[in-house]
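Going left to right, the sequence shown walks through residues 10 to 322 as our numbering numbers them.
Note that beta-carbon positions come from the ideal geometry of N, C-alpha and C, so glycine has one too.
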Amino acid sequence: VSVLYWWALMRMSMSRTSPSRGAVALGVFIVLLLGVAGTPHRKPRCNAERPIHAPDGTRRRTTPDSDGITRTAGNNCRFNGVQCSMCCNGTCCDDVSDAIAANFTSAHWIPLRFAFVSNSKTVFQKWGRNIRDNIRVMNRIFAAMGVWFYQAEPATYHNDSRMVAACDTAACDGFNPGSCDFYSYLMPRVMNDSTRDIPVVVCDGLPYYGEAQTPWTAPENSSMHYVEMDSSALGLGTSGFPTSLGYTLVHEMGHYFGLFHVFDGCNAAGDFVDDTAPAGEAATQDNACSDRLDTCPSMPGLDPLDNYMNYAD
């Protein structure tokens, strides 16, 4: 598994409970789980996290924040006084010697804090079951590694018109917390303590199903640490197949923990995970409703259709 993710998830784990080796190893196991992701015997179906058409007719990626990561030699990056071999936007993102999986011996519980931003309180009142259903999906997928999620407290509801208007992060600069109302106005009103729980913001009518920031984007207590979901993709059976399986939140949580998409072209470094074959494009309902897809035929391996960090469920 790429050393890039060891560092990203190590930093996330250390910020939430304690800087123990067991907490650091949590990040490694999450990478192992989502990097392999899925069973080779399951036929992929059309995807819950595919790009969708925005109201203006353009096509938008599900996670616009994951684009534009600059990966350079680590001349200006250091961690605990040690020179890093790779930087991600100026932050170390490579191997950390303390990431020892053997020390991961107990279950880790991660609190989620849900906030609904909508003009319709009636819609909000119907979402308790969807939260529970989606957490069950998350726990089924992460449980093999001893990772469990739970709802920290009852969800909150916000019908502030300025917050509703701020939901779409298309206008935001993904590395500037003052660039838009989502970071500077909405998030401070729904956050509690992002160093101890993960804020999940749910909005109506987004032109994407979900998005999330990678962990090295900003300090852990920043308003730029969150997962955002469109209400149609939360829970089970809320909008019909393909967004009714609960996998969108799994996908976005992968980004929150530091995972990239498994598709990044045939000539790029890809997702920095060695056990996923290169993919030239995302698997969507338009091209992946089959057992085989090979968008990089000159390179070994088929596209990883069963990976949660693709767009195929």
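query                                                                                                                                                               : result
Excluding five sequence neighbours on each side, which residues of the same chain lie with their C-beta closer than 6 Å to the C-beta of A124?                      : T165, V199 and V210
Residues in the same chain with beta-carbon distance under 6 Å from E261, minus the five sequence neighbours each way, listed in chain order, please.               : G219, A221 and V236
Please state the DSSP three-state secondary structure of Q222.                                                                                                      : coil
Look at the alpha carbon of A227 and the alpha carbon of M172, and state the distance between them as a whole number of angstroms.                                  : 22 Å
Which one of A242, P224 and R145 has the shortest CA to CA distance from L268?                                                                                      : P224
Can you tell me whether DSSP reads A227 as helix, strand or coil?                                                                                                   : coil
So L258 and N143 are supposed to be a Cβ contact under 8 Å. How far apart are they, rounded?                                                                        : 5 Å
With a threshold of 7 Å on Cβ separation, who are the neighbours of L215 within its own chain once the five nearest residues in sequence on each side are excluded? : C176, D177 and D239
Suppose the cutoff is 7 Å on Cβ atoms and the five residues either side in sequence are ignored; what does the same chain contact list for S231 look like?          : P186
According to DSSP, is R138 helix, strand or coil?                                                                                                                   : helix
Around the Cβ of G310, are there at least 16 other Cβ atoms within 10 angstroms (buried) or fewer (exposed)?                                                        : exposed
DSSP three-state call for Y317: helix, strand or coil?                                                                                                              : coil
Output needed for G244: all residues of its chain with C-beta closer than 6 Å, excluding positions within five of it in sequence on either side, in chain order.    : N139, D142 and N143
On the criterion of 16 or more Cβ atoms from any shown chain inside 10 Å, does P306 qualify as buried, or is it exposed?                                            : exposed
What are the boundary residues of the beta strand (DSSP E) that Y192 is part of?                                                                                    : Looking at the DSSP string, Y192 is not in any beta strand (DSSP E), and its letter there is neither H nor E.
How long is the line joining the alpha carbons of T304 and V271, rounded to whole angstroms?                                                                        : 12 Å
Look at the alpha carbon of A153 and the alpha carbon of L254, and state the distance between them as a whole number of angstroms.                                  : 19 Å
Report buried or exposed for S170, applying the criterion of at least 16 other Cβ atoms within 10 angstroms of its Cβ.                                              : exposed
So, with DSSP's three-state summary, where would you put V259?                                                                                                      : helix
Am I right that I207 and R122 are in contact with their C-beta atoms under 8 Å? What's the rounded C-beta distance?                                                 : 7 Å
Please state whether DSSP places Y159 in a helix, a strand or coil.                                                                                                 : strand
Going by DSSP in three states, T165 sits in which element: helix, strand or coil?                                                                                   : strand
Under the three-state reduction of DSSP, which class applies to V146: helix, strand or coil?                                                                        : helix
Looking only at DSSP bridge pairs, what is H117 linked to?                                                                                                          : V156
Just to confirm the assignment, what range does the beta strand (DSSP E) spanning V211 have?                                                                        : I207 to C212
Tell me the rounded alpha-carbon separation between A288 and A161.                                                                                                  : 37 Å
On the criterion of 16 or more Cβ atoms from any shown chain inside 10 Å, does T285 qualify as buried, or is it exposed?                                            : buried
Quick check on the burial criterion: 16 or more other C-beta atoms within 10 angstroms. Buried or exposed for W118?                                                 : exposed
Should M308 be labelled buried (16 or more other beta-carbon atoms within 10 Å of its own) or exposed?                                                              : exposed
When the distance is taken between beta carbons, is D213 closer than 8 Å to S127?                                                                                   : yes
Less than 8 Å separating the beta-carbons of Y256 and Y317?                                                                                                         : yes
Classify V199 as helix, strand or coil using the three-state DSSP reduction.                                                                                        : helix
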